[in-house]
Amino acid sequence: MSDPTPSQAPVIRLVSDHSPDDVVLPFSVEPLDVRGRVVRLGPSVDHILGQHKYPPPVARLVGEAAVLTVLLGTSLKMEGRFQLQTRSDGLIGMLVVDFDAPDRLRAFARYDPDRLAEIDAETELLGKGHLAFTIDQGNEMSRYQGVVALEGQGLEEAAHQYFRQSEQIPTRVRLAVAESVTGAGANWRAGGLMVQFLPSSPERQRQADLDPGTPPPGTAAQVQEEDDAWREAKSLAATIEDHELVDPTLSSERLLYRLFHERGVKVFEPQGVRDSCRCSSEGITNMLKGFSPQERHDMIGDNGKIGVTCEFCSTFREFDPKDFDEG
Ligand SMILES: [Zn+2]
Numbered sequence: 482m483s484d485p486t487p488s489q490a491p492v493i494r495l496v497s498d499h500s501p502d503d504v505v506l507p508f509s510v511e512p513l514d515v516r517g518r519v520v521r522l523g524p525s526v527d528h529i530l531g532q533h534k535y536p537p538p539v540a541r542l543v544g545e546a547a548v549l550t551v552l553l554g555t556s557l558k559m560e561g562r563f564q565l566q567t568r569s570d571g572l573i574g575m576l577v578v579d580f581d582a583p584d585r586l587r588a589f590a591r592y593d594p595d596r597l598a599e600i601d602a603e604t605e606l607l608g609k610g611h612l613a614f615t616i617d618q619g620n621e622m623s624r625y626q627g628v629v630a631l632e633g634q635g636l637e638e639a640a641h642q643y644f645r646q647s648e649q650i651p652t653r654v655r656l657a658v659a660e661s662v663t664g665a666g667a668n669w670r671a672g673g674l675m676v677q678f679l680p681s682s683p684e685r686q687r688q689a690d691l692d693p694g695t696p697p698p699g700t701a702a703q704v705q706e707e708d709d710a711w712r713e714a715k716s717l718a719a720t721i722e723d724h725e726l727v728d729p730t731l732s733s734e735r736l737l738y739r740l741f742h743e744r745g746v747k748v749f750e751p752q753g754v755r756d757s758c759r760c761s762s763e764g765i766t767n768m769l770k771g772f773s774p775q776e777r778h779d780m781i782g783d784n785g786k787i788g789v790t791c792e793f794c795s796t797f798r799e800f801d802p803k804d805f806d807e808g
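The opening position of the sequence shown corresponds to residue 482 in our numbering, with each subsequent residue numbered one higher.
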């Protein structure tokens with residue numbers, strides 16, 4: 482056996498300018514001990530935002546949250562669901578994005594339309610509250626949740642805090658959302674980049690911005706020196722512009738080449754993402770069965786039916802109350 486299998490063979494080739502939408506491209510920059518992924522969302526995010534008809538500031542934030550969820554969810558190598566959820570006192574009181582492995586994405590936000598006029602900065606959309614990341618693999622034992630306080634810092638910074646506190650992996654995230662208007666109409670696009678510092682020696686993962694805490698009495702405070710490789714990767718990632726992340730003509734490979742060509746970047750098998758809700762008549766029937774007969778009675782509308790709208794995909798379904806009467 483002399484021929485290596487294709488997956489093992491190092492392939493050096495020209496950068497591809499093929500730029501498909503709704504795709505995550507994992508990559509590594511080995512000289513910097515960095516791994517990451519680029520995501521570009523087109524029709525999937527356009528459909529999610531379009532079906533809700535969110536006002537632009539709300540749509541942008543839901544789009545950012547969708548990008549962040551895909552970046553994290555596709556990096557987990559898990560079965561089941563990865564969920565981002567915010568609860569806060571801002572204009573957007575609640576935002577939920579579900580990523581169901583391996584590729585399904587859905588999202589919705591609850592917001593107060595009366596407060597739209599008072600918002601001048603995007604960070605005010607969420608206000609104060611918390612952001613939770615939940616991994617749910619179907620049983621209680623494998624449920625994991627990490628929570629970050631929201632204090633007006635925005636989703637990118639909240640993600641950085643999450644990785645510092647919960648994962649202790651030096652991480653940088655960039656998120657961008659834009660509505661492109663052409664002769665054919667307006668379409669939402671979203672893109673993001675995540676880079677993580679994963680050296681073989683954990684000693685090198687120390688971060689300058691990690692609070693070392695109060696040293697024990699009689700000892701000197703430790704100065705956390707950040708690794709040169711991570712400092713370089715972080716500053717390269719910071720040079721990426723929003724318009725590059727949402728440009729449909731700039732391929733993810735070209736984008737990575739622009740950032741890391743001096744060090745050499747390796748790309749892996751791309752992963753597709755699609756907007757797809759998991760709601761079903763059967764699932765909602767089971768949910769309605771969980772309510773008491775009195776609660777179900779209170780849900781009956783003027784037409785004698787129980788109407789339920791899925792918050793994620795806006796699908797409206799009607800149920801006959803008689804179907805729930807046992808005997
Ligand atoms: Zn649905």
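Ideal Cβ placement from N, Cα and C applies to all residues, glycine included.
- In the DSSP assignment, L576 falls outside any alpha helix (DSSP H) and lies within the beta strand (DSSP E) extending over I573 to D581.
- Straight across, the Cα-Cα distance linking V515 with S761 is about 41 Å.
- P680 and E706 have their C-alpha atoms spaced approximately 15 Å apart.
- Distance from the Cα of D503 is smallest, within the candidate group L726, G764, N767 and K803, for L726.
- Under the three-state reduction of DSSP, E660 is assigned to strand.
- Of the residues G531, D601, E621 and S525, the one whose Cα lies closest to the Cα of L586 is S525.
- Cβ neighbours of T550 within its own chain (closer than 8 Å, five residues either side excluded): F563, Q564, L565, V578, D579, F580, L586 and A588.
- Exposed is the label assigned to S716, since fewer than 16 other Cβ atoms lie within 10 Å of its Cβ.
- The beta carbons of V654 and E637 sit closer together than 8 Å.
- Inter-residue distance for H641 and F800 is about 44 Å (C-alpha atoms, whole angstroms).
- Apart from sequence neighbours up to five positions away, the residues of its chain that approach H499 with a beta-carbon distance below 7 Å are S732, ordered along the chain.
- For M575 and G666, the gap between their C-alpha atoms comes out near 29 Å.
- Nearest to Q626 by alpha-carbon distance, out of D779, S661, Q634 and A613, is A613.
- Residue state for A665 is assigned as coil, using DSSP reduced to three classes.
- If you draw a 10 Å sphere on the C-beta of P594, you find fewer than 16 other C-beta atoms in it, and that means exposed.
- For F563, the shortest C-beta to heavy atom distance toward ligand 1 is 7 Å or greater.
- A straight line joining the alpha-carbon of G554 with that of L572 spans about 26 Å.
- In this structure, M675 and R518 form a Cβ contact; the two beta carbons are roughly 6 Å apart against a cut-off of 8 Å.
- Linking L736 to R521 through their CA atoms gives a straight-line distance of about 11 Å.
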